[in-house]
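Visitor: Starting off with a structure, shown below.
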Amino acid sequence: VPITGLAYNRRKHIPEGVASMTNVESSLNNYYFGNTPDMPRCIREQYVNWGMAPEDAEEHAPLGLPDGPIDPDLDVVRFTDKDGKTIAVLADYATHAVSCSPPVPKLISAGFPGFMADLVEEDQGGVCLFLYGAGADTRPYRSSARGFEEAQRVGFVLATGVAQAIREAETVKDPILKVENETVQVALRDYPSRAESEKLLEEKKKIQAQAKAEGRYSDAKRLDDEIDAIGFPMSFGRWDGEQEWLGRSGDVPLEIQAISIGDVVILSFPNEVNVSIGMDIKKSSWTKRLMLATLTNGCWMYLVKKEEYDEGGYEAAAARLAPGAGEKLLEAAADVLNRMKEN
467 VPITGLAYNR RKHIPEGVAS MTNVESSLNN YYFGNTPDMP RCIREQYVNW
517 GMAPEDAEEH APLGLPDGPI DPDLDVVRFT DKDGKTIAVL ADYATHAVSC
567 SPPVPKLISA GFPGFMADLV EEDQGGVCLF LYGAGADTRP YRSSARGFEE
617 AQRVGFVLAT GVAQAIREAE TVKDPILKVE NETVQVALRD YPSRAESEKL
667 LEEKKKIQAQ AKAEGRYSDA KRLDDEIDAI GFPMSFGRWD GEQEWLGRSG
717 DVPLEIQAIS IGDVVILSFP NEVNVSIGMD IKKSSWTKRL MLATLTNGCW
767 MYLVKKEEYD EGGYEAAAAR LAPGAGEKLL EAAADVLNRM KEN
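Adding 466 to a residue's 1-based position in the sequence shown gives its number in my numbering.
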């Protein structure tokens with residue numbers, strides 16, 4: 467079932483590549499939590515932050531209207547017993563579960579998938595599970611910062627879509643269970659040591675400050691991406707504990723796994739996967755009944771394409787894998803799907 471108008475792609479294309487994010491609060495440098503009414507001016511605020519005069523930004527900087535791809539498909543599979551009673555429902559949708567915050571950014575919550583699952587279970591019985599598709603760069607629109615009310619709204623919309631999908635569903639013929647997988651060695655990005663990173667970060671910030679003062683906003687934007695790419699591993703590495711980013715190089719194993727029941731296939735990726743990769747997989751797949759599950763069997767942050775590294779933006783700066791990883795995983799996924807069809 468296609469669900470449109472619920473999610474958007476936060477990678478806004480601008481002449482310099484992509485903006486930091488297409489969702490801000492009124493204050494600069496706080497690009498993550500934003501409401502839909504704030505979005506039209508968000509790109510202009512970023513240009514001002516990069517050194518463009520406010521009056522020039524009003525005239526020349528683009529509006530913060532999302533222009534990137536989304537995956538609108540809400541894919542649903544229902545498992546029943548011999549009497550037709552629901553055992554479980556799988557619902558797959560490609561967007562971040564981030565509608566709760568603010569004002570509740572530091573609480574652990576099931577978010578909109580929790581509200582959706584509760585409604586589906588009450589309506590259909592059984593257990594409802596949510597799969598996060600290839601939506602690393604997509605998130606739900608937020609009408610206002612009302613916390614759990616927004617999560618409830620998004621969950622209600624998706625639960626309604628699940629009910630429609632179940633009404634229109636077709637029974638899987640020849641429900642033979644198959645499993646295929648492939649492990650691929652993928653290169654990590656090379657990062658300097660912490661001391662070298664701290665020195666380089668200060669140098670980049672000084673150069674950027676000069677670019678802003680001189681109104682060289684394109685240079686300041688490019689330096690924003692470089693600063694983020696240096697700073698993220700310094701902070702994220704502390705979260706990872708043993709998975710320290712700095713001082714670690716070489717290859718890591720990433721597993722692509724597929725589980726099929728008839729022509730219904732659940733294809734799983736590690737990492738948060740940009741929607742462009744997910745759409746490429748769907749377009750080339752032999753089955754239209756393909757569900758993508760991400761953040762499975764490990765996570766090395768974002769999986770993006772080579773051109774998305776060049777464009778910049780948050781996902782590219784926070785990608786821990788070297789450029790080319792996205793294409794390598796796409797190739798492995800195609801191999802897994804083809805083997806599943808042949809066997």
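C-beta: ideal position from N, C-alpha, C; glycine also.
Computed from a predicted model, the values in this text were never measured in an experiment.
So, does the stretch 628-644 touch the stretch 772-787, judging by three or more C-beta pairs under 8 angstroms?
Guide: no
Visitor: Roughly how many whole angstroms lie between the Cα atoms of Phe-578 and Gly-764?
Guide: The alpha-carbon atoms of Phe-578 and Gly-764 are separated by roughly 23 angstroms.
Visitor: Near Ser-659, which residues of its chain fall below 8 angstroms by C-beta distance, leaving aside the five closest residues on each side in sequence?
Guide: Hits under 8 angstroms: Leu-712, Gly-713.
Visitor: So, Leu-756 versus Val-731, is the Cβ gap smaller than 8 angstroms?
Guide: yes
Visitor: Quick check: what's the CA-CA separation for Ser-734 versus Val-638?
Guide: So the two alpha carbons sit approximately 20 angstroms from each other.
Visitor: Quick one: give me the first and last residue of the alpha helix (DSSP H) that Arg-605 is part of.
Guide: DSSP places Arg-605 outside any alpha helix (DSSP H); the residue lies instead in the beta strand (DSSP E), whose first and last residues are 604-606.
Visitor: Between the Cα of Ala-675 and the Cα atoms of Met-582, Gly-517, Arg-477, which residue gives the shortest distance?
Guide: Gly-517
Visitor: On the criterion of 16 or more Cβ atoms from any shown chain inside 10 Å, does Arg-605 qualify as buried, or is it exposed?
Guide: buried
Visitor: Leaving aside the five residues before and after Asp-746 along the sequence, list all residues of the same chain whose C-beta is less than 7 angstroms from its C-beta, in chain order.
Guide: Leu-796
Visitor: State the CB to CB distance for the pair Gly-792 and Ile-743, rounded to an integer number of angstroms; the pair is presumed to be in contact (CB under 8 angstroms).
Guide: 5 angstroms
Visitor: DSSP beta-bridge partners for Ala-677?
Guide: Its beta-bridge partners do not exist; DSSP assigns none.
Visitor: Is the distance from the Cβ of Asp-685 to the Cβ of Ala-695 below 8 angstroms?
Guide: no
Visitor: Kindly provide the ranges of any alpha helix (DSSP H) runs that are 4 or more residues long and lie completely inside the stretch 762-809, ordered along the chain.
Guide: 772-777, 780-783, 791-808
Visitor: Below 7 angstroms CB to CB, which residues in the same chain sit around Met-806 once its five sequence neighbours on both sides are set aside?
Guide: Lys-644, Glu-646, Ala-724, Ser-726, Val-731
Visitor: Three Cβ pairs or more, each shorter than 8 angstroms: is that satisfied between the stretch 660-667 and the stretch 578-587?
Guide: No: the two stretches stay apart, fewer than three of their Cβ pairs being nearer than 8 angstroms.
Visitor: Can you tell me whether DSSP reads His-562 as helix, strand or coil?
Guide: Of the three classes helix, strand and coil, the one that applies to His-562 here is coil, per DSSP.
Visitor: What residue range is occupied by the uninterrupted beta strand (DSSP E) comprising Pro-719?
Guide: 717-727
Visitor: State the DSSP-derived secondary structure class of Pro-468, mapped to helix, strand or coil.
Guide: strand
Visitor: Can you check whether the CB of Ser-751 is closer than 8 angstroms to the CB of Asp-656?
Guide: no
Visitor: If you draw a straight line from the C-alpha of Thr-760 to the C-alpha of Ile-509, how long is it?
Guide: 29 angstroms
Visitor: Taking a contact to mean a Cβ-Cβ separation below 8 angstroms, would you say Glu-777 touches Ile-722 in this structure?
Guide: no
Visitor: Report, in whole angstroms, the separation of the C-beta atoms of Met-505 and Asn-515, which I expect to be a contact under 8 angstroms.
Guide: That pair is no contact at about 16 angstroms.
Visitor: Mind reading off the beta-carbon distance from Leu-556 to Met-582? Whole number of angstroms is fine, and I expect it under 8 angstroms.
Guide: With a Cβ gap of about 12 angstroms, Leu-556 and Met-582 do not count as contacting.
Visitor: Under a three-way DSSP split, which group does Asp-589 fall into?
Guide: helix
Visitor: When you compare only the Cα positions, how much space is there between Tyr-607 and Phe-698?
Guide: Cα to Cα, Tyr-607 sits roughly 26 angstroms from Phe-698.
Visitor: Residues in its own chain within less than 6 angstroms of Glu-482 by CB, not counting five upstream and five downstream?
Guide: Ser-684, Lys-687
Visitor: Sorted by chain position, which residues of the same chain lie with C-beta nearer than 6 angstroms to His-479's C-beta, five sequence neighbours on each side aside?
Guide: Asp-533
Visitor: Counting along the chain, where does the alpha helix (DSSP H) carrying Ile-536 start and finish?
Guide: Boundaries cannot be given for Ile-536, as no alpha helix (DSSP H) includes it and DSSP labels it neither H nor E.
Visitor: Looking only at its chain, what residues have a beta carbon closer than 7 angstroms to the beta carbon of Asp-539, apart from the 5 residues adjacent to it on each side?
Guide: Pro-468
Visitor: Cα separation between Phe-614 and Ser-565?
Guide: 8 angstroms
Visitor: Quick check on the DSSP output: the alpha helix (DSSP H) that includes Glu-511 runs from which residue to which?
Guide: 505-515
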